[in-house]
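Everything in the sequence shown is counted per our numbering, starting at 326 for the first residue and increasing by one. Glycine residues also receive a C-beta, built at the ideal position from the N, C-alpha and C atoms. What follows is a set of notes on a single structure, which appears directly below.
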Amino acid sequence: MRLRNIRGSREVIASSDYVVHEEETKAGSWHQIFHNTHPIHIEIGMGKGKFIMALAKAHPEINYIGIEKYSSVLIRALDKMKQEETPLPNLYFIRMDAENITKVFAKGEVERIYLNFSDPWPKDRHAKRRLTSKEFFARYHKILVTDGLVEFKTDNRALFDFSVESVKEAGWKLRALTYDLHKEEELNKDNIMTEYEERFSALGNPIHKLIASY
Ligand code: SAM
Numbered sequence: 326m327r328l329r330n331i332r333g334s335r336e337v338i339a340s341s342d343y344v345v346h347e348e349e350t351k352a353g354s355w356h357q358i359f360h361n362t363h364p365i366h367i368e369i370g371m372g373k374g375k376f377i378m379a380l381a382k383a384h385p386e387i388n389y390i391g392i393e394k395y396s397s398v399l400i401r402a403l404d405k406m407k408q409e410e411t412p413l414p415n416l417y418f419i420r421m422d423a424e425n426i427t428k429v430f431a432k433g434e435v436e437r438i439y440l441n442f443s444d445p446w447p448k449d450r451h452a453k454r455r456l457t458s459k460e461f462f463a464r465y466h467k468i469l470v471t472d473g474l475v476e477f478k479t480d481n482r483a484l485f486d487f488s489v490e491s492v493k494e495a496g497w498k499l500r501a502l503t504y505d506l507h508k509e510e511e512l513n514k515d516n517i518m519t520e521y522e523e524r525f526s527a528l529g530n531p532i533h534k535l536i537a538s539y
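Rendered as structure tokens:
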């Protein structure tokens with residue numbers, strides 16, 4: 326998702342109380358930023374933030390960080406935050422490329438990583454850019470707690486098959502896997518639909534999901 330450049334979005338992001346800036350972060354400092362020791366869950370490529378905002382509302386006992394590469398997309402999440410009646414103290418956003426994730430989080434600082442409808446990068450030569458490549462799993466291993474989880478959803482079968490292989494190649498284990506999430510009672514129980522999930526399941530596409538840990 327890359328939206329038309331929105332004039333002034335960088336300035337709005339720079340002055341937002343909901344945004345932590347990559348250059349100001351130091352790996353290992355997130356519990357200080359949240360002023361508590363609650364577990365930290367992150368979503369990489371959060372888009373307009375619907376999913377992570379719903380999670381943050383439902384789980385005040387967990388700290389959430391939504392990561393998005395583009396200002397033009399992040400600003401939509403900030404608009405949504407402004408519409409909230411009460412601020413969500415357990416949610417921050419950061420605009421950054423996930424390639425730098427190990428600079429922003431320390432080993433063991435994160436308990437769970439959500440990847441939802443990640444960009445497929447269909448060309449083979451771009452495979453390393455996929456957020457479920459083995460190169461990204463190696464980065465995730467560097468920031469997750471022991472037994473920390475990566476949860477990935479997509480309707481893109483080719484990307485999903487690639488991701489299942491990446492999990493194995495990276496030396497991780499599959500904890501759960503389904504090719505039709507919305508029909509799996511147990512896995513779908515607490516499912517929160519993302520923007521893309523709503524759009525693609527309305528077209529009749531089955532949603533694939535895997536959960537992996539190292
Ligand atoms: N997760 C949302 C959903 O399911 O509705 C949005 C999905 S959209 C297809 C993928 C999002 O990931 C885009 O907003 C894109 O800008 C972001 N993204 C892609 N690569 C990224 C990266 N390397 N670091 C951070 N965000 C990234």
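First through last residue of the beta strand (DSSP E) which encompasses Y417: Note, Y417: beta strand (DSSP E), 416-420.
Local conformation of S392 per DSSP, three classes: The question names Ser, but residue 392 is Ile in the sequence shown. Looking at I392 - three-state DSSP - the assignment turns out to be strand.
Cβ neighbour criterion (16 or more within 10 Å) applied to E336: Taking every protein chain shown into account, the CB of E336 has fewer than 16 other CB atoms within 10 angstroms, so this residue is exposed.
Where L380 sits in the DSSP three-state scheme: L380 falls in the helix class under three-state DSSP.
A423 classed as buried or exposed, judged by whether at least 16 other C-beta atoms fall within 10 angstroms: Around the beta-carbon of A423, 16 or more other beta-carbon atoms lie within 10 Å, marking it buried.
Residue span of the beta strand (DSSP E) that contains Y320, given as start and end: Because the chain here runs from 326 to 539, residue 320 falls outside it and cannot be looked at.
Same chain only: Cβ atoms within 6 Å of N368, ignoring 5 sequence neighbours per side: First, the amino acid is wrong: residue 368 is Glu here, not Asn. Closer than 6 Å at Cβ, skipping near neighbours: I377, G391, Y439.
Minimum length 4: unbroken alpha helix (DSSP H) runs contained in the segment 339-365: Whole alpha helix (DSSP H) segments, 4+ residues: 355-359.
I367, DSSP secondary structure in three states: Reduced to three states, the DSSP call for I367 is strand.
Limits of the beta strand (DSSP E) - the one that R500 falls within: Under the DSSP assignment, R500 falls in the beta strand (DSSP E) whose first and last residues are 498-503.
Counted within 10 angstroms of its Cβ, other Cβ atoms place H366 as buried (16 or more) or exposed: Buried: at least 16 other Cβ atoms inside 10 Å.
Terminal residues of the beta strand (DSSP E) in which D472 lies: DSSP places D472 in the uninterrupted beta strand (DSSP E) bounded by 469-479.
Beta bridge counterpart(s) of L484 as assigned by DSSP: None, per the DSSP bridge assignment.
Any non-hydrogen atom of the ligand SAM closer than 7 Å to Y521 Cβ: Short note on Y521: C-beta closer than 7 Å to some heavy atom of the ligand SAM.
Environment of R316 [buried if 16+ CB atoms lie within 10 Å]: Given a span of 326 to 539 for the chain in the structure shown, any question on residue 316 remains unanswerable.
V398 beta carbon near the ligand SAM (any heavy atom closer than 7 Å): Checking the Cβ of V398 against the ligand SAM gives yes.
C-alpha distance - F430 paired with I468, whole-angstrom precision: Their backbone Cα atoms lie some 6 Å apart in a straight line.
I517 - partner residues in DSSP beta bridges: Partner(s): none; I517 has no beta bridge.
Contact set for K405: own chain, Cβ-Cβ below 8 Å, skip 5 residues either direction: Counting only Cβ-Cβ distances below 8 Å, and skipping sequence neighbours, we find K373, G374, K375, M378.
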